[in-house]
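In the numbering used here, the protein residues as written are 169 to 427.
Glycine included, C-beta positions come from ideal geometry on N, C-alpha and C.
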């Protein structure tokens, strides 16, 4: 609890979450007994950013919006969150008399959301000789990078990528880097994402002309080696895509040959 008893007293509460507009915030407060509570009153304001505040009412002695009929008794009253939502509550005294702020309660919050950013890059498998050029017969690596730049996590197992292959390449179904760290047709790395990736269950293919809508729709069984029938490479890493700082990220690399 906090006591506000000076004309310049101010109490700012950071709720730690965003409460949506039109939600109710329950406030528990009391007006002091005796002469100290005769004219006690506080203005109540809300803010979404902690910078700009909106007046939503006052509590205490008349003519307060929420008049306190008793003294030395905890009273509860509700305020309605205005447009824009609220993360901060500010109480400011309007006189020198005493108001106790006991606590606040709310049940509705705005869920933070993820912001997923995806990119795809291409590099040559060979680093020297004719195979290091993007010409027919040369192999390329495709690398998909996904970053969560938002403040919330994605739902568990909800990341689904169906990456289209250009008609000018054949997918390679094998160990993409020989003696390198990869052990199969795709290589997964991550930093802070909370995701895992298993080749046997999280990598699939589609030979359909149109994009598969779900991971379950990726039903094509790729032939060993270079397979020209793979049109989409499907990925479904497991777990939530977490938020954090620095932004969590993951990479998936696979291989193809230029026709």
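Could you give the C-beta distance for residue i and residue j, rounded to a whole number, given that I count them as a contact under 8 Å?
| i | j | result |
| --- | --- | --- |
| residue 398 | residue 373 | 5 Å |
| residue 199 | residue 236 | 4 Å |
| residue 207 | residue 265 | 5 Å |
| residue 359 | residue 409 | With 8 Å as the limit, residue 359 and residue 409 do not qualify as a contact, their Cβ atoms being about 12 Å apart. |
| residue 394 | residue 375 | Incorrect: roughly 14 Å between the Cβ atoms, too far for contact. |
Please work out which residues of its chain come closer than 8 Å, Cβ to Cβ, to residue i, disregarding the five sequence neighbours upstream and downstream, and give them in chain order.
| i | result |
| --- | --- |
| residue 307 | 292, 293, 294, 299, 340, 423, 424, 425, 426 |
| residue 209 | 226, 227, 228, 229, 232, 261, 262, 263, 265, 267 |
| residue 309 | 290, 291, 292, 293, 344, 421, 422, 423 |
| residue 411 | 280, 282, 316, 318, 319, 320, 321 |
| residue 238 | 199 |
In the DSSP output, what is residue i paired with across the bridge?
| i | result |
| --- | --- |
| residue 402 | 330, 372 |
| residue 254 | 187 |
| residue 179 | 259 |
| residue 248 | 192 |
| residue 199 | 267 |
Residues in its own chain within less than 6 Å of residue i by CB, not counting five upstream and five downstream?
| i | result |
| --- | --- |
| residue 181 | 257 |
| residue 286 | 314 |
Does the separation of the CB atoms of residue i and residue j fall below 8 Å?
| i | j | result |
| --- | --- | --- |
| residue 250 | residue 222 | yes |
| residue 328 | residue 404 | yes |
| residue 169 | residue 179 | no |
| residue 253 | residue 279 | no |
| residue 322 | residue 371 | no |
| residue 348 | residue 392 | no |
| residue 183 | residue 255 | yes |
| residue 242 | residue 270 | yes |
| residue 363 | residue 297 | no |
Counting only the same chain and skipping the five closest in sequence on each side, list residues whose C-beta sits under 7 Å from that of residue i.
| i | result |
| --- | --- |
| residue 276 | 187, 188, 191 |
| residue 401 | 331, 333, 339, 373, 422 |
| residue 304 | 426, 427 |
I'd like the ranges of any beta strand (DSSP E) spanning at least 3 consecutive residues and lying wholly in the segment 293-370. The segment 293-370 contains, as complete beta strand (DSSP E) runs of 3+ residues, the segments 307-316, 329-332, 337-341, 354-359 (chain order).
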